[in-house]
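Chemist: For the protein sequence lines, the chains are A and B, in the order given.
With this note's numbering applied, the first sequence covers 1 to 669.
With this note's numbering applied, the second sequence covers 670 to 1338.
Ideal placement from N, C-alpha and C gives every residue a C-beta, glycine not left out.
2 protein chains.
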Amino acid sequence: MSVMALILLMAVAGCSKEEESPTATAVPASSDGGSQVASGVSAIAAERGLTEADIEAAVKTFVPSGTHDEYILFASGGHSGQMLVIGMPSMRLLKVVGVYTPEPWQGWAVGDASETSHILDGGDLQDGTELTWGDTHHPALSETAGDYDGEWAFINEKANGRVAVIDLRDFETKQIIKNPLSMSNHGATMVTPDTKWVIEGGQFPAPLDGSYASIDEYEEKWRGVLTMWKFDRSTGRINYDESFAVETPPYWQDLCDAGKLVSAGMIFCGSFNSEMATGGIEDGNPPLEAGISQADMDYLHIFDIDKMTAAVAAGKTDMINGFPVISLETAAAEGILHFAPEPKSPHGADVTPDGEFVVVSGKLDPHVTVYSVPKIKEAIAAGATERDPFGVGILDFDTVVEVQVEVGLGPLHTQFDDQGYAYTSLFLDSAVARWTLGGSFSDLHSEPDWELIHKTPVHYNIGHLVTTEGDTVSPDGKYLVAMNKWSIDRFNVVGPLLPQNFQLLDISESGTTMPVIYDSPIGIGEPHYAQIIKADKLNPWEVYPEVGWNPETQSLDPRAVAPGEEGVTRDGNNVTVKSTLIRSHFTPERVNVKVGDRVTWHMTNLETAFDATHGFALPGQNINLSLEPGEHQTIEFEVTDEGVFTFYCTEFCSALHLEMAGFFMVAPN
Amino acid sequence: MSVMALILLMAVAGCSKEEESPTATAVPASSDGGSQVASGVSAIAAERGLTEADIEAAVKTFVPSGTHDEYILFASGGHSGQMLVIGMPSMRLLKVVGVYTPEPWQGWAVGDASETSHILDGGDLQDGTELTWGDTHHPALSETAGDYDGEWAFINEKANGRVAVIDLRDFETKQIIKNPLSMSNHGATMVTPDTKWVIEGGQFPAPLDGSYASIDEYEEKWRGVLTMWKFDRSTGRINYDESFAVETPPYWQDLCDAGKLVSAGMIFCGSFNSEMATGGIEDGNPPLEAGISQADMDYLHIFDIDKMTAAVAAGKTDMINGFPVISLETAAAEGILHFAPEPKSPHGADVTPDGEFVVVSGKLDPHVTVYSVPKIKEAIAAGATERDPFGVGILDFDTVVEVQVEVGLGPLHTQFDDQGYAYTSLFLDSAVARWTLGGSFSDLHSEPDWELIHKTPVHYNIGHLVTTEGDTVSPDGKYLVAMNKWSIDRFNVVGPLLPQNFQLLDISESGTTMPVIYDSPIGIGEPHYAQIIKADKLNPWEVYPEVGWNPETQSLDPRAVAPGEEGVTRDGNNVTVKSTLIRSHFTPERVNVKVGDRVTWHMTNLETAFDATHGFALPGQNINLSLEPGEHQTIEFEVTDEGVFTFYCTEFCSALHLEMAGFFMVAPN
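Below is the structure:
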């Protein structure tokens, strides 16, 4: 074969899809088929010391080559700043999506030259301080009528108060917004059932204008905030100008959940530190964790969205840092915010699929407390008889609570299934509790309502849990993932910093059968919250819709370079490079510039084949791009150093990938 | 239970190790046991459409909760800039080790305030340009007598010419060095069998002093370089002052391998572009990938380490950018460098476990070419009869080649097992070839020597492959991982940028049995090369040896803070904070400073329990630290903005983790 023929072969090699191996017959369920299976399997299992339960777990979770996972789990990456995408039941990590931390494989926001860097800059502090990490906690998939629709994901950043928008057509971050009022959030992001609003609940209070106030002025000047971000599906962006916030007392607001169906239009947020403790262990004060845990009750925050928007429409807002804020006084007076007592430092509030109940678990109380939404509505209509020090109406606990269920030590978070069960994580017990719901769920299970049915031990110290579509109006009830914070001895030691442990539980059977079937180490970040969507609800692009596509605008880029348009032009010190990329060369291959030039470099990946991504690394300039099939990118930078630099493709694209390079030659000025 | 009792319980909750579930009996291999297994398993398999081969694969790869993986795979993270640590056979990602890219979960090099940032700064460009990403290609585990010893890992960065040292006691990067002569490497990092030298082979040539030279001066002024970094186990650092480089012609050097046993003291590097093509497709020149692929032969570079060090000792070096370089003229004259012709743009050179052969595969030739080291030595002793344009002696091809074996299309990389087989990746065939070795390996297999035995298809387009300890003097021969560059339809689509696909092959049986048993998506970076070590060879720390440990120096930090020493002191504008961390509070909890202060903050994690890591996030300052049990860190930064900021623990440490916080209060100046 001639070299050129080989080159041609190689240029398309990447596209060649291997033929499937001859169709294998699935194992029949008959006992005959069964014993055939058993002989080879038993020998392997015996050699590897596997139990029968292990084999069943293996067979439940194995996803053969060429078949796909049934569910996709979107998990926060914790203080990695990213979002994790994991296939289920195999628990394989399909992608780490770059959000608040630059990630060069994806070409995400590395350095200052690229357009993705400018998206990350959207989250810079008001004084221009660049932030290059984040602490993501709660991803939220977009919903239509309370069910995941697979179109968008949102995710918060707790350390500096930011929210991000991710487009699930290409799994890329499109927008990052810095909260103008707060450096902190935790009840974020959650969405309303139609994704009209992205909720950013706060956590640590501070003066909302960002000014200094001493710790002695805590009660007087420090405040919490709930921010309502208006999401516009047509632009795929949060509309800053139609968004607003609600001032809250300086309790530490925690997780929130939007109401649905009967509770649509309501938002529920747990909170702790109604004590308004401010620590000072060094001065003999109780340490924060003790000071915060003294009171028997904290306050479930109950917000009314219609009343909020009415107040905004009526101009009943103050402008703080240029952003409209409904004052605490207005919120209390207009009934925008009510409190219901909730036991002992709860973590969050979880609305049942029918919208009728809100489940709260206080980690210092072995019960979950179930609130009735109709009762809350009645109590609000009847008027609060008590008020907190900031004037917010407090509903009577006994009037609004439906029931309390004892589940175990350290209950943190609850999700749901399709069999009328709720599942609560127990941090101190290191277990998952299954318990029965009442009300409209009563007919779905055979056990008595509001009763603990079973606990499955997990390893170790579970924080959140997540069930398949378990926080929507129609949970699937197939799997549960225990998001365990400690892994200790579960995995090979990889130094003193250990991975977390996502344990997969099969919850498809009723009653006391709820086995752990897989342990997955999470060796990148510490996920907090997650959501699981049926994979077939996602409809991502395999390649960009047209060659020359700009992922930032999700439209054809007018600067896209067509074959034949490539070249280098100069206007004074401004050099414009127009490049195309295709297996396996850059055009042009030689770019001559001088020290002091400002370079604008347009790059279009001409590929239309699935998986035909090219990378672009430019030594000396801290630049790496990922140009997926059809993608266009424009970068801009100043040239400061002479020398010759070989730019090259960083994504192995063909047998001649190593030859996909070019020369960036910088002459002295 | 009182609140304080609960708090005490929670403070230690993380340490409580769950009791193991009652010991389950492993499945017996008998047919009775077998059929018991089969009934439940068959039903699940039938429901999920699994074949018998699928079930066997599942049972071969499943690692039950609480048991550990047998092998650890260290893979480059490609242009993620990181190193991946994966358990085998489960193929679970245990950790992404931060190397060239900041990674906040590990507290790795985020922002400018921390000591880890200063380690990353070690790789900055000479003019101070900060690099915040890298393109890692080849991790190298440290070796003793040619076997992995589990102590250190090294990894290169191709885009800017850097090497890194990772300590496998804590899996953290300790040193990053910028090559003073080159912005590029590829045959890096490889180690000599005693890890005395870390080899950094080059790739793209350029003037070694970093100056500009036009493309017309390519042959005259552009040069390649091989850098020999001296590694000092006692300090755990590369000793820059005992290191040196060897100038090479402006061919594109590629992968290298160090000789072992009979070939100890030799280094073999593949190369391509002996044509010295420089592209220019835009001017009607052949594109680089065609220009580079014209010649029938490129040059296997054969280096002699003893002759190098003798030349260095004799002062036969030139100083370039302050670094000693053996000139090409000296290298040729002293016999430091010889060439052997090698067919058609090979990727690398792989030395057999006995050190006797070097296997080269040129991706444009369907053969692997096997060189005999004794024949090479004889040919060198006899003296080269031909010389390349730069005066380097060329050995006669037929004199030094042992055999050529036809294996298939696009052969790239070869590793070995314990049965006398070699395994070669075939990019164009998308397959792994198994073929027999001769010489001392002949008795290990029953087939004829030097013969293709089998090909297993992989999905898709394999680059490198790696076998268990397959590039050492004693390969294990149990597993092979095909590092496939494209995944196309193998996994759920996650947007146009797809994960790579690591496919696990069971190579424990001889002959034609070599099944794929697992597909693992790699959704973070694009790994190139990898090494697999038996897990029990690693001896990582579970916690740091003493409280107050500094991971940078791997010794007790004199600045460590003991309980009772905490506090805030001021000297002019310099504020010193001494903090301790323990579940679940910071001491002190209140830190008052002023705008314009320079803060030095010492932080000691007092924990000694396995997995008791605390994080430290400081809003507004782009700081996140990971303080593992016993770890001490000191950070320094300027305070520029007034306001109140709540620092908090980012690693979920107890049921009262959310309360582990404190106030950083910045008054106006």
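Taking N624/A as the query, report the chain B residues whose CB atoms sit under 8 Å from its CB, ordered along the chain.
Modeler: What N624/A touches in chain B: H748, W802, D804 and A828.
Chemist: List the whole-angstrom C-beta distance separating I55/A from V710/B, where the pair is believed to meet the contact cut-off of C-beta under 8 Å.
Modeler: Contact holds; Cβ gap of about 5 Å.
Chemist: Can you tell me where the beta strand (DSSP E) holding P1339/B begins and where it ends?
Modeler: Residue 1339/B lies beyond the residue range present for chain B, which begins at 670 and ends at 1338; the question has no answer from this structure.
Chemist: The beta strand (DSSP E) with E406/A in it runs from where to where?
Modeler: Looking at the DSSP string, the run of the beta strand (DSSP E) that includes E406/A is V401 to E406.
Chemist: Give me the Cβ distance between G750/B and W802/B, rounded to the nearest whole Å; I'm assuming they're in contact under 8 Å.
Modeler: At roughly 5 Å, the Cβ-Cβ gap stays under 8 Å, so G750/B and W802/B are in contact.
Chemist: Can at least three beta-carbon pairs, one atom from the stretch 1048-1068 of chain B and one from the stretch 1114-1126 of chain B, be found at a separation below 8 Å?
Modeler: The stretch 1048-1068 of chain B vs the stretch 1114-1126 of chain B: no contact.
Chemist: Can you pull the DSSP bridge partners for V432/A?
Modeler: V432/A pairs with S425/A and T456/A.
Chemist: Which whole-angstrom value is the C-beta distance of E631/A and K534/A, which I expect to be below 8 Å?
Modeler: Rounded, the Cβ-Cβ distance is 28 Å, inconsistent with contact.
Chemist: Distance cutoff 9 Å, beta carbons only. Does L1149/B sit that close to anything in chain A?
Modeler: It does not: the Cβ of L1149/B has no partner Cβ on chain A nearer than 9 Å.
Chemist: At the 9 Å Cβ level, is T67/A part of the contact set with chain B, yes or no?
Modeler: T67/A counts as touching chain B.
Chemist: Which one of F900/B, S1143/B, D793/B and L800/B has the shortest CA to CA distance from F913/B?
Modeler: Comparing Cα-Cα distances from F913/B to each of F900/B, S1143/B, D793/B and L800/B, the minimum goes to F900/B.
Chemist: Counting only beta-carbon separations shorter than 9 Å, does P668/A have a partner in chain B?
Modeler: Interface residue, yes.
Chemist: Cutting at 6 Å between CB atoms, please list the residues of its own chain near L997/B, excluding the five before and the five after it.
Modeler: These residues qualify, in order along the chain: E916 and F1059.
Chemist: Can you list the alpha helix (DSSP H) stretches of 4 or more residues lying completely in the stretch 832-910 of chain B, in chain order?
Modeler: The qualifying runs are 887-890.
Chemist: With I824/B and M897/B assumed to form a contact (beta carbons below 8 Å), what rounded beta-carbon distance in angstroms separates them?
Modeler: Not confirmed; about 17 Å, so no contact.
Chemist: Assuming D54/A is part of the alpha helix (DSSP H), what are its boundary residues?
Modeler: It spans E52 to T61 - the alpha helix (DSSP H) in which D54/A sits, taken as one unbroken run.
Chemist: Does the beta carbon of W252/A come closer than 9 Å to any beta carbon on chain B?
Modeler: It does; some Cβ of chain B falls within 9 Å.
Chemist: Answer with buried or exposed for H787/B, where buried requires no fewer than 16 other C-beta atoms within 10 angstroms of its C-beta.
Modeler: So H787/B ends up on the exposed side.
Chemist: Considering just the uninterrupted stretch of the alpha helix (DSSP H) at M977/B, what are its terminal residues?
Modeler: Note, M977/B: alpha helix (DSSP H), I974 to A982.
Chemist: Measuring CA to CA, which of S1248/B, V754/B, V1244/B and L930/B is closest to G1233/B?
Modeler: Cα-wise, what sits closest to G1233/B is S1248/B.
Chemist: Counting along the chain, where does the alpha helix (DSSP H) carrying E329/A start and finish?
Modeler: L328 to A333 is the span of the alpha helix (DSSP H), which, as asked, contains E329/A.
Chemist: Given this structure, state the Cα-to-Cα distance separating N592/A from T634/A, to the nearest angstrom.
Modeler: Those two C-alpha atoms are separated by around 18 Å.
Chemist: So the candidates are Y1148/B, G1192/B, Q1290/B and D796/B; which of them puts its Cα closest to the Cα of W105/A?
Modeler: If we check each option's Cα against that of W105/A, G1192/B comes out closest.
Chemist: For N854/B, count the other beta carbons within 10 Å of its own beta carbon; 16 or more makes it buried, fewer makes it exposed. Which is it?
Modeler: So N854/B ends up on the buried side.
Chemist: In terms of residues, what are the limits of the beta strand (DSSP E) holding P346/A?
Modeler: Start and end: P346 to V351.
Chemist: In the DSSP assignment, find the unbroken beta strand (DSSP E) run with T116/A in it and report its ends.
Modeler: Taken as a continuous stretch (DSSP letters only), T116/A belongs to no beta strand (DSSP E), being part of the alpha helix (DSSP H) at E115 to D121.
Chemist: Measuring alpha carbon to alpha carbon, tell me which of Q621/A, P668/A, T650/A and F357/A ends up nearest S114/A.
Modeler: Nearest option by C-alpha distance: Q621/A.
Chemist: Could you pull out every unbroken beta strand (DSSP E) segment of at least 3 residues lying fully inside the stretch 1129-1205 of chain B, listed in chain order?
Modeler: Complete beta strand (DSSP E) runs here, min 3: 1131-1136, 1148-1153, 1169-1175, 1185-1191 and 1199-1203.
Chemist: For M1267/B, I'd like the list of residues in its chain whose CB is within less than 8 Å of its CB, leaving aside the five on either flank, ordered along the chain.
Modeler: Going by the sequence as given, residue 1267/B is Arg instead of Met. These residues qualify, in order along the chain: N1242, N1243, V1244, E1305, F1306, E1307 and V1308.
Chemist: Determine the extent of the alpha helix (DSSP H) in which E289/A is found, giving its start and end residues.
Modeler: Where E289/A is concerned, the enclosing alpha helix (DSSP H) stretches over L288 to G291.
Chemist: Just verifying my parser: in three-state terms, what is the DSSP assignment at P389/A?
Modeler: In this structure, P389/A counts as coil in the three-state DSSP scheme.
Chemist: With a CB to CB cut of under 6 Å and the five nearest residues on each side skipped, what residues in its chain are close to K1013/B?
Modeler: The answer, listed in chain order, is G1031, L1033 and D1034.
Chemist: Suppose you measure from the CA of E200/A to the CA of V1028/B; what does that come to, to the nearest Å?
Modeler: Using only the alpha carbons, I get a separation of about 59 Å.
Chemist: Can you tell me whether DSSP reads Q106/A as helix, strand or coil?
Modeler: Of the three classes helix, strand and coil, the one that applies to Q106/A here is helix, per DSSP.
Chemist: If you measure beta-carbon to beta-carbon, which residues of the stretch 460-493 of chain A are closer than 9 Å to chain D?
Modeler: Absent here is chain D; the protein component of the structure consists of chains A and B.
Chemist: List, in order along the chain, the chain B residues whose C-beta lies closer than 8 Å to that of Y421/A?
Modeler: In chain order: nothing, as chain B lies at least about 22 Å away.
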